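In this note's numbering, the protein residues as written are 41 to 352.
See below:
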C-alpha cells in the first residue's frame with residue numbers, strides 16, 4: 041500500500057489560452073476544474089497506473105469534488121474535517137510557449153486538534169503501508185517541522201516504511217532531518233533550499249550527493265523541466281532526457297513523476313528504473329489538459345519507448 045498525505049488540498053481551475061496577453065483581454069479556449077493538492081495528485085496518478093492507494097488529507101468545506109475523484113479512482117480515504125473553504129488555484133496555460141501561470145490561494149488556518157488527528161492517521165496508515173508520500177504546502181497555523189514530525193511518527197510505527205518527501209522551502213529543509221527514502225525537488229526548489237544557483241546538471245548532482253551524505257537521505261530525484269531529470273543515490277547517479285510529447289499542461293507533472301518513482305520503488309526496482317518510471321509518468325501527464333494523469337496503457341507505451349537514460 042502507498043499512502044499519500046495532503047495537508048493543503050485544492051481545486052485546480054485550468055484555463056487554456058492560445059497566447060497570453062498580459063495587457064489585454066484574454067479569451068479562454070477551454071477551462072476545467074480538477075481535484076488537486078500534491079498528495080491528492082500523487083494518489084490519483086498512482087491509481088491511474090493501477091496501484092492501490094490511500095489518500096490521507098485535510099477535508100475543508102467544498103472538498104466534495106476531491107472526495108468524488110478519489111472514490112472514482114478506488115482510492116481509500118482517510119480525511120480529517122476542517123473548517124473553512126478549500127482553496128482554489130488558477131492555472132493559465134499558454135499554448136504559444138507551453139508555460140503555465142499559477143495563482144495559488146492558501147487554505148484556512150488549521151488547529152492542533154486537527155493536526156493531532158492527522159498524526160494518529162499517519163501512524164495507523166504506516167502500519168499498513170510500504171511507502172508514505174508527504175508532499176505539498178501547508179495551511180496557516182502549521183509549523184514548518186510538520187513533515188519531519190510525521191515522518192518520525194510513521195517510522196516509529198513501521199521502521200521499514202519508505203518516506204517520500206516532495207515539498208519546498210523550510211518544509212523541505214526541516215524534513216531532510218527525518219532522512220527520507222526519497223526527496224523530489226525541482227531545480228528551483230533545490231536551489232531555494234540550499235541558497236545556491238545551479239548552473240548545470242553536474243552541479244545539481246554534486247549538491248544531491250552532499251545532501252545524501254549530510255542528512256542520510258536515501259535518494260534524490262530532481263526534475264529539470266525541458267532538460268529532463270536526474271536521480272542520485274549514495275553510489276550512483278543518472279540523467280534522463282525529457283521525453284518528447286505534445287504538451288497541453290505542465291501542472292501535475294512533478295506529482296506524476298513522484299507517482300512513477302513510488303511505483304518502481306514499491307516493486308523493488310533500481311534507482312535507474314525509479315527515474316525511468318518517473319519521467320514516463322510525467323510525460324504522460326504533460327500530454328493531458330489540466331491536472332490529469334495518463335492511463336496505465338499509455339504509461340507502459342512510454343515506458344517501452346526509447347527513454348534515454350545514462351549513468352553520470
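Ideal placement from N, C-alpha and C gives every residue a C-beta, glycine not left out. Quick caveat, the model's predicted, so the values are computed rather than measured.
Beta strand (DSSP E) segment containing residue i, residue limits
i: residue 54; result: 50-57
i: residue 172; result: 171-175
i: residue 81; result: Looking at the DSSP string, residue 81 is not in any beta strand (DSSP E); the run it does join, the alpha helix (DSSP H), is 78-88.
i: residue 135; result: Note, residue 135: premise wrong, no beta strand (DSSP E); not H, not E.
i: residue 101; result: 93-101
i: residue 42; result: 42-46
i: residue 351; result: 349-351
Three-way DSSP call (helix, strand, coil) for residue i in this model
i: residue 19; result: Past the boundaries of the shown model lies residue 19; the chain is included only from 41 to 352, so the question cannot be answered.
i: residue 238; result: coil
i: residue 108; result: helix
i: residue 295; result: helix
i: residue 202; result: strand
i: residue 300; result: helix
i: residue 272; result: strand
i: residue 213; result: helix
i: residue 75; result: strand
i: residue 208; result: coil
i: residue 342; result: helix
i: residue 162; result: helix
i: residue 70; result: strand
i: residue 277; result: strand
i: residue 142; result: strand
Within 8 Å, strictly: CB atoms of residue i and residue j
i: residue 289; j: residue 330; result: yes
i: residue 82; j: residue 68; result: no
i: residue 318; j: residue 261; result: yes
i: residue 62; j: residue 98; result: no
i: residue 282; j: residue 266; result: yes
i: residue 221; j: residue 275; result: no
i: residue 201; j: residue 42; result: no
i: residue 257; j: residue 279; result: no
i: residue 303; j: residue 86; result: yes
i: residue 134; j: residue 249; result: no
i: residue 219; j: residue 184; result: no
i: residue 145; j: residue 129; result: yes
i: residue 311; j: residue 268; result: no
i: residue 175; j: residue 292; result: no
i: residue 227; j: residue 198; result: no
i: residue 301; j: residue 314; result: yes
i: residue 163; j: residue 118; result: no
i: residue 264; j: residue 247; result: no
i: residue 88; j: residue 336; result: yes
i: residue 232; j: residue 208; result: yes
i: residue 8; j: residue 177; result: Missing from the structure shown is residue 8; the chain here goes from 41 to 352 and no further.
i: residue 126; j: residue 100; result: yes
i: residue 321; j: residue 339; result: yes
i: residue 51; j: residue 105; result: yes
i: residue 214; j: residue 188; result: yes
i: residue 203; j: residue 277; result: no
i: residue 154; j: residue 122; result: yes
i: residue 251; j: residue 216; result: yes
i: residue 57; j: residue 143; result: no
i: residue 182; j: residue 47; result: yes
i: residue 324; j: residue 296; result: yes
i: residue 93; j: residue 75; result: no
N- and C-terminal bounds of the alpha helix (DSSP H) containing residue i
i: residue 315; result: 311-326
i: residue 186; result: 186-197
i: residue 333; result: Run containing residue 333: none; DSSP gives neither H nor E here.
What runs of the beta strand (DSSP E), each 3 residues or longer, lie entirely inside the segment 216-266? Secondary structure in the segment 216-266: the beta strand (DSSP E) runs of 3 residues or longer, each lying completely within the stretch, are 259-263 in chain order.
Do the segment 157-172 and the segment 102-112 touch if we need at least three Cβ pairs shorter than 8 Å? No, the segment 157-172 does not touch the segment 102-112.
Taking 8 Å as the threshold, find out whether the segment 230-243 comes into contact with the segment 328-347 through three or more Cβ pairs. In short, these stretches do not touch, since the Cβ pair count stays below three.
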